[in-house]
Amino acid sequence: MNRFFKWIGAISRMSGTISSWFIILQMVLTVAIVIERHFFHRGDDWSFELSWMFYSMVFLFAFAYTLVEKGHVKVDPLFKLYPPRVQAIVESISYLFIFILCVVLVGYGISYAKEAWAIKECSWHTIVGAPVYPIKTMIPIAFGLLGLQAAVEIIRHVTIAMKGKES
Numbered sequence: 025m026n027r028f029f030k031w032i033g034a035i036s037r038m039s040g041t042i043s044s045w046f047i048i049l050q051m052v053l054t055v056a057i058v059i060e061r062h063f064f065h066r067g068d069d070w071s072f073e074l075s076w077m078f079y080s081m082v083f084l085f086a087f088a089y090t091l092v093e094k095g096h097v098k099v100d101p102l103f104k105l106y107p108p109r110v111q112a113i114v115e116s117i118s119y120l121f122i123f124i125l126c127v128v129l130v131g132y133g134i135s136y137a138k139e140a141w142a143i144k145e146c147s148w149h150t151i152v153g154a155p156v157y158p159i160k161t162m163i164p165i166a167f168g169l170l171g172l173q174a175a176v177e178i179i180r181h182v183t184i185a186m187k188g189k190e191s
């Protein structure tokens with residue numbers, strides 16, 4: 025089981041690396057947009073499309089990474105006052121809510137992505153009409169990975185709550 029946890033953690037960390045590359049691409053694109061508008065007095069529709077696509081990929085890939093690195097918001101000053109078992113119970117319940125939300129979002133995301141692929145959905149924001157079905161496909165994948173990481177955290181914290189320490 026521990027090997028499985030490490031495998032899920034490694035995938036979640038890899039998604040963080042992918043997210044960071046999208047941040048770099050977003051920065052390069054933003055600089056290119058500024059240069060294009062400032063020096064050439066024009067803006068392209070493709071840059072707007074690509075910009076929101078990169079931006080959405082940053083967040084989608086960062087969900088599970090942020091969870092595995094314990095980067096989500098927590099009220100630590102109060103939380104640390106409780107014994108480890110109580111902390112583990114509270115964490116288990118919190119991660120259970122995340123897991124349930126992810127199951128729902130994966131379900132909706134799959135049908136959302138299927139529909140987008142079926143009609144080869146394109147963006148209607150600009151004349152470029154960039155395909156959006158690859159981005160919509162990432163929604164269930166991202167929430168699936170977040171759900172897996174939440175499941176790992178649930179099991180880990182239930183173990184701590186029962187045994188008083190991590191096995």
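My numbering puts the sequence shown at residues 25 to 191.
Glycine included, C-beta positions come from ideal geometry on N, C-alpha and C.
The DSSP-derived three-state label of P158 is helix. As for any alpha helix (DSSP H) of minimum length 4 sitting wholly inside the stretch 50-106, the runs are 69-92 and 100-103, ordered along the chain. At the C-beta level, V92 and S36 come within 9 Å of one another. Rounded to whole angstroms, I59 and F72 show a C-alpha spacing of 14 Å. Scanning Y136, L53, K98 and T41 for the CA closest to the CA of Y119 turns up K98.
Taking the Cα of S39 as reference, the smallest distance to any Cα among F167, I184, T183 and L102 is reached at F167.
Close CB contacts of I57 within its chain, under the 6 Å cut and outside five residues either way in sequence, are with S71 (chain order).
Scanning its chain for C-beta atoms nearer than 7 Å, with the 5 sequence neighbours on each side dropped, one finds around D69 the residues T150, I151 and V152, in chain order.
Fewer than three pairs of CB atoms, one per stretch, sit closer than 8 Å, so the stretch 132-148 makes no contact with the stretch 181-191. Boundaries of the alpha helix (DSSP H) around I117: P108 to A142. Taking the Cα positions, R27 is about 14 Å away from E177.
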